[in-house]
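**Q** Residue numbers (this note's numbering), protein chains in the order written: chain A, 1 to 343; chain B, 1001 to 1343. Beta carbons are placed, not taken as given, at the ideal position from N, Cα and C, and that holds for glycine.
2 protein chains.
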Amino acid sequence: MTRIDTSAETQPARAEKAPPALIALDWGTTALRAYLLDASGAVLDTRASSAGIMNLPKPAAEGGFDAVFDATCGAWLANDASLPVLAAGMVGSAQGWLEAPYVSTPADPAALVAGIVRVTTLKGVTVHIVPGVLEDGALPNVMRGEETQIFGALASDATLDQQPHGGLIGLPGTHAKWAVVSKGRIERFYTFMTGETFAALRDHTILGRTMRATDKHDLDAFIRGVDTAKNDGDAGLLATIFSTRTLGLTGQLQPEQQADYLSGLLIGHELRGLNEVLAREQAELAGKALRLIGNDALCERYRYALARFGCHDARTVAHATERGLHRIALQAGLIPASSSATN
Amino acid sequence: MTRIDTSAETQPARAEKAPPALIALDWGTTALRAYLLDASGAVLDTRASSAGIMNLPKPAAEGGFDAVFDATCGAWLANDASLPVLAAGMVGSAQGWLEAPYVSTPADPAALVAGIVRVTTLKGVTVHIVPGVLEDGALPNVMRGEETQIFGALASDATLDQQPHGGLIGLPGTHAKWAVVSKGRIERFYTFMTGETFAALRDHTILGRTMRATDKHDLDAFIRGVDTAKNDGDAGLLATIFSTRTLGLTGQLQPEQQADYLSGLLIGHELRGLNEVLAREQAELAGKALRLIGNDALCERYRYALARFGCHDARTVAHATERGLHRIALQAGLIPASSSATN
């Protein structure tokens, strides 16, 4: 029996392998993802941990952050103790390792770099933490982690922020973000609590009681929800969501369709609201070339919904997080710029 | 020591006490309220039970409805077994005692009477059940019980449904209803899941985590929420609710103010949506004389919110339920009309 060395297949030999130049951390509420990058931003190795900042194995005061950091990145640092470390996400929140106060919009990478805070681990390693971004006003908005993904998207798409009304980047999820970017800056952004509201309505109101769970995604029911929000949503979300129940009561929506319909309604109201705020600057979703950052299945749902609003160019940006961390590390001088240029 | 007979004080002697003429039941999901009325609709006695249709002491198939009915109304029927019985509310739903199929809008008392169903108790008493009302369309709406309260409000306010664009009646609550009434009919109505959505957001999303419970109602925070929905709510509810958190993060809203602010936001979005659908018929809340049906504290909140929308005439209609049941019983011939006319 022939033994096949699979590692030789998945790791093709390179003429000359670039050395590690950065440890990049995406440290959020529920997970930590760590990347070992070379100076050009190529990913040499990755680690993942479920030890998000709300899920540490021991309290922060007892070295919880240090323990997770050592377990995740210790082997990389054992080979090269001088590797710079850059982290983004909720690790910089008031509940994180060290608070990195928000930077205000409009925000560019230089502003983020100026706001970086440094924490020294028990073993003497300096961890640089990227600040989040705040947009103040009657409805303040905050992000932590998404700013880094947005600059990652800009780093890989040079024309995105050169559009007449600015580029538009959507980050679907629990708290969906929509950012307007222009000339390398985050100009403004909006938060929609779409994912979390969907879960609360499904799991904790009467709407969930007539739903039947299914593995099958019902695209027609989803689109119907989007269209209802778009075309019949004048009375607002509090009114339209009740149709999830009444369409069931009147035999027009099956129990296994109701969750997808409700999801479509909420995403439809999100896009309708986004269109309203874009209209203030004579912009609109119809005909817009925008970008999405997020998991493939969710971005695919948003593409279907965006198409109902006339937007047919909404590609997903891959690897936005590690590209953003690399971009900020370059700006911060953590990686020599000359080294990057030669790779 | 002198013994005071308090019953003589609380039940003043009447020249001639009218005999009971109707047992009127308001039987909802979580409670049953029973009224013993004379032919003029005056309340002679009341009973209350927590045995709503979802809270029966034993299953319906084992006589749960009969048991609750006997315990609540048995003494009244022992005195006069011929008393007619009329019930409204979820008791007529598919999960109730006997389903009374919905009557379609526009609906008047005659249509409700034509839709009454009759169930005979194990002891041979006929219970008449008022049907709910359905408004069909892309966003179907249903009510059960509110139709009876609405006709109760019309019975006590002769000019309400004679306004140019129809009268408007609001029933705040878990699922708030707003009905347009004209010439003695419910023309159309809307449902807003305001109360239930508020509870789901407060208890099951991140918004509740920074709230501090308090017994004190913070009117300023509530009004601020209403105004934000009205003046800065273009992006929609999914966007504005996040400000409950971010105004806290930026020190502009105290933890004990956040629940009232969120309540104001939701009620503000409800009224904003209502204004949008009223605008289709060149109507608006501003300057409107409308009526509210519901508990005093909640109606008071709505009055403050309505004032921000320019509506300063929104009195609460008292006793709408028993008046509505009396009105429908008259129409159904359960009480002789001549008897009522002489009282």
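#1: Can you tell me the Cα-Cα spacing of A:L334 and A:L22, whole angstroms?
#2: Tell me the DSSP bridge mates of B:K1123?
#3: Kindly indicate which three-state DSSP category A:V317 falls into: helix, strand or coil?
#4: Looking only at its chain, what residues have a beta carbon closer than 7 Å to the beta carbon of A:M193, apart from the 5 residues adjacent to it on each side?
#5: May I ask you to report which of helix, strand or coil DSSP gives B:G1028?
#6: Just grab the DSSP bridge partners of A:R291 for me.
#7: Where B:D1157 and B:H1326 are concerned, what is the direct C-alpha to C-alpha distance, given to the nearest angstrom?
#8: Kindly indicate the opening and closing residues of the alpha helix (DSSP H) around A:D66.
#9: Using the DSSP secondary-structure output, state which residues sit across from B:W1178 in a beta bridge.
#10: Which ranges would you report for the alpha helix (DSSP H) in the stretch 1076-1159 of chain B if only whole runs of at least 4 residues count?
#11: The beta strand (DSSP E) that contains A:S263, what's its start and end?
#12: Please go through the same chain and pick out, in chain order, the residues whose beta-carbon is closer than 7 Å to the beta-carbon of A:A51, but skip the five residues on each side of it.
#13: Keeping to the same chain, check which residues put their C-beta closer than 7 Å to that of B:G1208; ignore five residues upstream and five downstream.
#14: Determine the chain A residues that contact B:Y1190 at a beta-carbon separation under 8 Å, and present them in chain order.
#15: Considering only C-alpha positions, which residue in the set A:E135, A:K123, A:A235 and A:R291 is nearest to A:G63?
#16: For B:G1310, count neighbouring Cβ atoms within 10 angstroms of its own Cβ and tell me buried if that reaches 16, exposed if not.
#17: Consider the Cβ of B:A1138: report whether some Cβ of chain A lies at a distance smaller than 8 Å.
#18: Once the 5 residues before and after B:A1114 are set aside, which same chain residues still bring their CB inside 8 Å of it?
#19: Suppose you measure from the CA of A:I116 to the CA of A:P84; what does that come to, to the nearest Å?
#20: Contact between the stretch 1133-1141 of chain B and the stretch 237-245 of chain A: three or more CB pairs below 8 Å?
#21: With 8 Å set as the bound, which would you pick, yes or no: does the beta-carbon of B:E1099 sit closer than that to a beta-carbon of chain A?
#22: Alpha carbon to alpha carbon, how far is B:L1249 from A:G167? Give it in angstroms, no decimals.
#23: Could you pull the start and end residues of the beta strand (DSSP E) that B:R1224 belongs to?
#24: Under 8 Å, do A:E187 and A:P106 count as touching if we go by C-beta distance?
#25: Is there contact between the stretch 1301-1315 of chain B and the stretch 1259-1277 of chain B, where contact requires at least three CB pairs shorter than 8 Å?
#26: Counting only Cβ-Cβ distances shorter than 9 Å, please list the residues of the stretch 1270-1285 of chain B near chain A, keeping chain order.
#27: Got a sec: is the Cβ-Cβ distance from B:V1103 to anything in chain A below 8 Å?
#28: Shorter than 8 Å from the beta carbon of B:F1222 to some beta carbon of chain A?
#29: Which bits of chain B does A:E146 rub up against, with CB to CB less than 9 Å?
#30: For B:F1222 versus B:D1260, is the C-beta spacing smaller than 8 Å?
#31: Along the alpha helix (DSSP H) that carries A:D296, what are the first and last residues, could you check?
#32: When you compare only the Cα positions, how much space is there between A:N343 and A:Q254?
#33: Please tell me whether A:F242 has its Cβ less than 8 Å away from any Cβ of chain B.
#34: Does DSSP classify B:P1020 as helix, strand or coil?
#35: For the alpha helix (DSSP H) holding B:A1239, just list the boundary residues, first then last.
#36: Report the residue from B:V1125, B:E1147 and B:T1121 whose alpha carbon sits nearest the alpha carbon of B:P1131.
**A** Quick look at the numbers:
#1: Stepping through the first sequence from its first residue, residue 334 of chain A is reached at position 334. Stepping through the first sequence from its first residue, residue 22 of chain A is reached at position 22. If I take the Cα positions, the gap works out to 8 Å.
#2: Translated into positions along the second sequence, residue 1123 of chain B becomes position 123. DSSP output for B:K1123 lists no bridge partner at all.
#3: Looking up residue 317 of chain A in the first sequence gives position 317. Residue state, collapsed to three classes: coil.
#4: Translated into the one-based positions of the first sequence, residue 193 of chain A becomes position 193. Same-chain partners within the cutoff: H175.
#5: For this step, residue 1028 of chain B is matched to residue 28 along the second sequence. If DSSP states are grouped into helix, strand and coil, B:G1028 belongs with coil.
#6: The residue labelled residue 291 of chain A in the question sits at position 291 within the first sequence. Note: A:R291 sits in a beta bridge opposite A:I169 and A:R315.
#7: As a first step, residue 1157 of chain B is located in the second sequence; it is residue number 157 there, counting from the start. As a first step, residue 1326 of chain B is located in the second sequence; it is residue number 326 there, counting from the start. Between B:D1157 and B:H1326, the C-alpha separation is close to 15 Å.
#8: Looking up residue 66 of chain A in the first sequence gives position 66. Here the alpha helix (DSSP H) through A:D66 covers G64 to N79.
#9: Position 178 of the second sequence, counted from the start, is the residue given in the question as residue 1178 of chain B. Paired residue(s): B:G1170 and B:Y1190.
#10: 1109-1114 and 1146-1155
#11: Your numbering for residue 263 of chain A matches position 263 in the first sequence. No beta strand (DSSP E) contains A:S263, which is instead part of the alpha helix (DSSP H) from Q258 to A279.
#12: Numbered from its first residue, the first sequence carries residue 51 of chain A at position 51. The residues are L32, P57 and V68.
#13: Against the second sequence, residue 1208 of chain B aligns to sequence position 208. Excluding residues within five positions, the ones whose Cβ falls inside 7 Å are R1202.
#14: Translated into positions along the second sequence, residue 1190 of chain B becomes position 190. Residues of chain A passing the Cβ test: A235 and A239.
#15: Here residue 63 of chain A is taken as the residue at index 63 of the first sequence, counted from 1. It is A:K123.
#16: Your numbering for residue 1310 of chain B matches position 310 in the second sequence. With fewer than 16 other Cβ atoms within 10 Å, it is exposed.
#17: Stepping through the second sequence from its first residue, residue 1138 of chain B is reached at position 138. Yes - at least one Cβ of chain A is within 8 Å of the one on B:A1138.
#18: If you number the second sequence from 1, residue 1114 of chain B lands on position 114. Only V1103 meet the Cβ criterion.
#19: Residue mapping note: residue 116 of chain A aligns to position 116 of the first sequence, counting from 1. Residue mapping note: residue 84 of chain A aligns to position 84 of the first sequence, counting from 1. Going from the Cα of A:I116 to the Cα of A:P84 covers about 13 Å.
#20: yes
#21: Translated into the one-based positions of the second sequence, residue 1099 of chain B becomes position 99. Output row for B:E1099: interface = no.
#22: Working through the first sequence from its first residue, we reach residue 167 of chain A at position 167. Working through the second sequence from its first residue, we reach residue 1249 of chain B at position 249. Distance between the alpha carbons of A:G167 and B:L1249 is about 28 Å.
#23: As a first step, residue 1224 of chain B is located in the second sequence; it is residue number 224 there, counting from the start. Not the beta strand (DSSP E): B:R1224 falls in the alpha helix (DSSP H), residues L1219 to D1232.
#24: Residue numbering aside, residue 187 of chain A sits at position 187 when the first sequence is read from its first letter. Residue numbering aside, residue 106 of chain A sits at position 106 when the first sequence is read from its first letter. Yes.
#25: yes
#26: E1270, R1272, G1273, L1274, E1276, V1277, A1279 and R1280
#27: Along the second sequence, one-based indexing puts residue 1103 of chain B at 103. No, B:V1103 does not count as interfacial toward chain A.
#28: Within the second sequence, residue 1222 of chain B is the residue found at index 222, counting from 1. Cβ-Cβ to chain A under 8 Å: no for B:F1222.
#29: Within the first sequence, the letter at position 146 stands for residue 146 of chain A. Near A:E146 there are no residues of chain B at all, since even the closest Cβ is about 13 Å away, more than 9 Å.
#30: Position 222 of the second sequence, counting from 1, holds the residue named residue 1222 of chain B. Position 260 of the second sequence, counting from 1, holds the residue named residue 1260 of chain B. Taking 8 Å as the Cβ cut-off, B:F1222 and B:D1260 qualify as a contacting pair.
#31: Position 296 of the first sequence, counting from 1, holds the residue named residue 296 of chain A. Unbroken alpha helix (DSSP H) run through A:D296: D296 to R308.
#32: Position 343 of the first sequence, counting from 1, holds the residue named residue 343 of chain A. Position 254 of the first sequence, counting from 1, holds the residue named residue 254 of chain A. The predicted model places A:N343 with a pLDDT of 39, which falls under 50 and marks its position as unreliable; any figure quoted below should be read in that light. Those two C-alpha atoms are separated by around 56 Å.
#33: Within the first sequence, the letter at position 242 stands for residue 242 of chain A. Yes, contact with chain B.
#34: Mapped onto the second sequence, residue 1020 of chain B falls at position 20. Note: B:P1020 maps to strand in three-state DSSP.
#35: Locating residue 1239 of chain B in the second sequence gives position 239, counting from the first residue. Segment L1237 to T1240, the alpha helix (DSSP H) holding B:A1239.
#36: Here residue 1131 of chain B is taken as the residue at index 131 of the second sequence, counted from 1. Measuring from the Cα of B:P1131, the nearest candidate turns out to be B:E1147.
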